[in-house]
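With the sequence shown counted from 1, adding 508 to any position gets you the numbering used here.
Note that CB positions come from ideal geometry on N, CA and C, so glycine has one too.
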Amino acid sequence: MPSKSIVVIGGGPGGEAAAKRAAALGAEVVLVERANLGGLCLNWGCIPSKVLLEGGRLFHRLRASSSLDGVSSVSLSWEKLQEKKRSIVGNLRSSLEQRLAQLKVRVVRGDARFQNERSLVVTGPEGSRELSFDAAVIATGSRPFFPPPFDRLTDQILDSDRVLSLPRVPQSLVVVGGGAVGLEFACLFQELGTRVTVVEKMAQILPGEEASVARLLRQSFEKRGMAVLTERTVATAEKAPDGWRLTLSGGETLSAEQVLVCVGRRPGLEGLGLEAAGVAVEGGRIAVNEFLQTSQPRLYAVGDVNGLSLLAHAAGAQGAAAVGHVFGEGGSYDPALVPRCLYTWPEVASVGEWSHSAQAKGLDLKAQRFFFQGSAKALADEDTEGLIQILSEKKTGRLLGAQIIGPHATELIHIFSVALKASMTVKDLHGVIFAHPTLAEGVREALAR
Ligand code: FAD
């Protein structure tokens, strides 16, 4: 039987997962990428930001430690951190290129544009070429969104790309947008000595996250000197000789050397020729069904471009699930199992239901908590800020979700991802033996209450 031909557009986490799974299933795979393999995640998103954040976190831990002498003389080199970032990103990109070559995925450089539902044209450095396919996966990601007054200032303000390569740490910074991306940069620069102000439109930072967790995070930031202004938008922004003057919706004025705008992203649809392929767009995103199929059944859309979840691991899971569907291999994408992680200090992570989402579904809720102040391991680490909260259905004990704020939250959350995937009850989870002393044993402690 001739093998299926699959074209994947976009080499970010969604496209990478789709291409790898298609190759593993014996398809002839072409991956079209107009910029760098690895997409936003590897080149300008998850990885470079986490390299910088881990530098800041180490600095924070050293300064917070009561048992080290001479720490006041330690300083963090922004230049060295930048070198480390470039080296890690470069190495990961080379590994990805090698892995795709091993899997015989043909990488074609250029911009893809559909001609119809069976073929597209790639225009790149080597001219134009036509590719036909049995199925295609659109994984073209997203682009940053700038509301007024920043829409006219996009080449002057900082966005999440530009801030990664700032030549030096600014003295003062206004971060517009208190979501995950804005808060990670706010936390990093605050630690590096910048005077940081966060401006968030909604009533809480990390909108959508558990309110009590967002409150604890805000308190932690404010204790360290960060200014957090909620229920405000920026009305005007003017360039001044020493930086920026901003007026807020509440009438306050702010001055800062730099302004970073992180208020969200929009699916990247431009130039794809979706109409020619018969792909429906709804509300600015490619509409998909539960199998990630677009309105044109042989075309799939995964990752940021379908707007379901702007997370790298969601994109990867969708890419693998879409290709599984092409081959009738199963392996569906379950949005309820996508963990959400924030790499600030303290870290924040959650999976499954929050209190507000469970209550909106009319579920009878039980919340059990453990505070890291009671953890021997957290005390030894001098990192006791935060808590684990576990949500279950009162009557059945069915696990519904969990939220963690505190040390290693982004690792610990996977205990709950596994438990949710396995449809465990809180009794099942309480029966797990956790090593002592660990942060993870807080899960058992929470359930003992
Ligand atoms: P992308 O990674 O955006 O890849 C799309 C690719 O398609 C790009 O390489 C692009 O060049 C290519 N492309 C687009 N159009 C065409 C075309 N017509 N022809 C050819 N190629 C095309 N997520 C997390 O889960 N964890 C994190 O810690 C995290 N940190 C982040 C930090 C920052 C600063 C930012 C901005 C984002 C972060 N994200 C994080 C989000 C994450 O990066 C994205 O959700 C993820 O990259 C989306 O993957 P994707 O495959 O959908 O698209």
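Whole-Å CB distance - residue i paired with residue j, under 8 Å assumed
i: Gly686; j: Val706; result: 5 Å
i: Asp812; j: Ser650; result: 4 Å
i: Ile665; j: Leu600; result: Not confirmed; about 28 Å, so no contact.
i: Val769; j: Asp667; result: 6 Å
i: Gly961; j: Arg740; result: Because the chain here runs from 509 to 957, residue 961 falls outside it and cannot be looked at.
i: Pro915; j: Ala886; result: 6 Å
i: Ala531; j: Val613; result: 5 Å
i: Ile896; j: Pro847; result: Contact flag wrong, Cβ pair sits at about 14 Å.
i: Lys512; j: Val834; result: 7 Å
i: Gln804; j: Glu625; result: 5 Å
i: Val771; j: Val684; result: 6 Å
Simplified DSSP state of residue i, which is helix, strand or coil
i: Leu576; result: coil
i: Asn544; result: coil
i: Cys770; result: coil
i: Phe641; result: coil
i: Leu674; result: coil
i: Arg957; result: coil
i: Gly523; result: helix
i: Arg626; result: coil
i: Phe879; result: strand
i: Lys588; result: helix
i: Val515; result: strand
i: Ala535; result: coil
i: Ala927; result: helix
i: Glu783; result: helix
i: Val742; result: strand
i: Gln698; result: helix
i: Leu666; result: strand
i: Ser728; result: helix
i: Gly914; result: strand
i: Leu681; result: strand
i: Gln801; result: strand
i: Ser603; result: helix
i: Ala722; result: helix
i: Ala844; result: helix
i: Ser636; result: strand
i: Leu561; result: helix
Residues that residue i bridges to, as DSSP identifies them
i: Lys747; result: Trp752
i: Asp619; result: Thr631
i: Pro775; result: Ser650
i: Leu737; result: Val707
i: Cys849; result: Ala857
i: Thr933; result: Arg906
i: Glu692; result: Partner(s): none; Glu692 has no beta bridge.
i: Ala874; result: The question names Ala, but residue 874 in the sequence shown is Lys. The partner list for Lys874 (beta bridge, DSSP) reads Ser900.
i: Leu714; result: DSSP output for Leu714 lists no bridge partner at all.
i: Gly791; result: Gly791 is not bridged to any residue.
i: Arg614; result: Val538
i: Leu762; result: Leu754
i: Leu816; result: DSSP lists no partner for Leu816.
i: Ala830; result: DSSP output for Ala830 lists no bridge partner at all.
i: Ala809; result: Ile646
Selection from the options that minimises the alpha carbon distance to residue i
i: Asp619; options: Gly779, Glu837, Val559 and Gly564; result: Gly779
i: Val859; options: Arg676, Leu887, Leu908 and Leu873; result: Leu908
i: Ala526; options: Leu725, Leu566 and Leu611; result: Leu611
i: Leu947; options: His938, Lys929, Leu928 and Glu919; result: Glu919
i: Glu730; options: Glu746, Thr744 and Gln698; result: Gln698
i: Asp936; options: Phe924, Lys593 and Pro945; result: Phe924
i: Pro675; options: Val540, Ile896, Lys558 and Trp586; result: Trp586
i: Ser873; options: Gly791, Val934 and Ile517; result: It should be pointed out that residue 873 corresponds to Leu in this sequence rather than to Ser. Checked all of Gly791, Val934 and Ile517; the closest Cα to Leu873 is Val934.
i: Thr702; options: Val689, Ser680 and Gln826; result: Ser680
i: Gly776; options: Leu756, Ser511 and Phe653; result: Phe653
i: Gly519; options: Tyr851, Gly546 and Leu566; result: Gly546
i: Ser595; options: Leu550, Leu661, Ala572 and Thr802; result: Leu550
i: Val926; options: Gly781, Gly882, Leu845 and Val682; result: Leu845
i: Thr904; options: Leu871, Gly939 and Ser581; result: Leu871
i: Leu539; options: Gly522, Ser863 and Gly553; result: Gly522
i: Gln911; options: Leu850, Gln881 and Lys902; result: Leu850
i: Glu638; options: Leu819, Ile646, Phe622 and Ala644; result: Phe622
i: Arg818; options: Arg793, Ala830 and Ala828; result: Note on identity: in this sequence residue 818 is Leu, with Arg being the wrong assignment. Here the closest residue by C-alpha is Arg793.
i: Gly939; options: Gly839, Tyr841, Arg952 and Pro945; result: Arg952
i: Ile713; options: Leu700, Glu692, Arg732 and Ala917; result: Glu692
i: Ser931; options: Glu901, Ala917 and Phe942; result: Glu901
i: Ser865; options: Ser883, Arg529, Thr892 and Leu899; result: Leu899
i: Asp889; options: Ala788, Val516, Phe942 and His568; result: His568
i: Ala784; options: Leu800, Leu628 and Glu798; result: Leu628
Any chain C beta carbon closer than 8 Å to residue i
i: Glu837; result: Any reference to chain C falls outside this structure, which holds one protein chain only.
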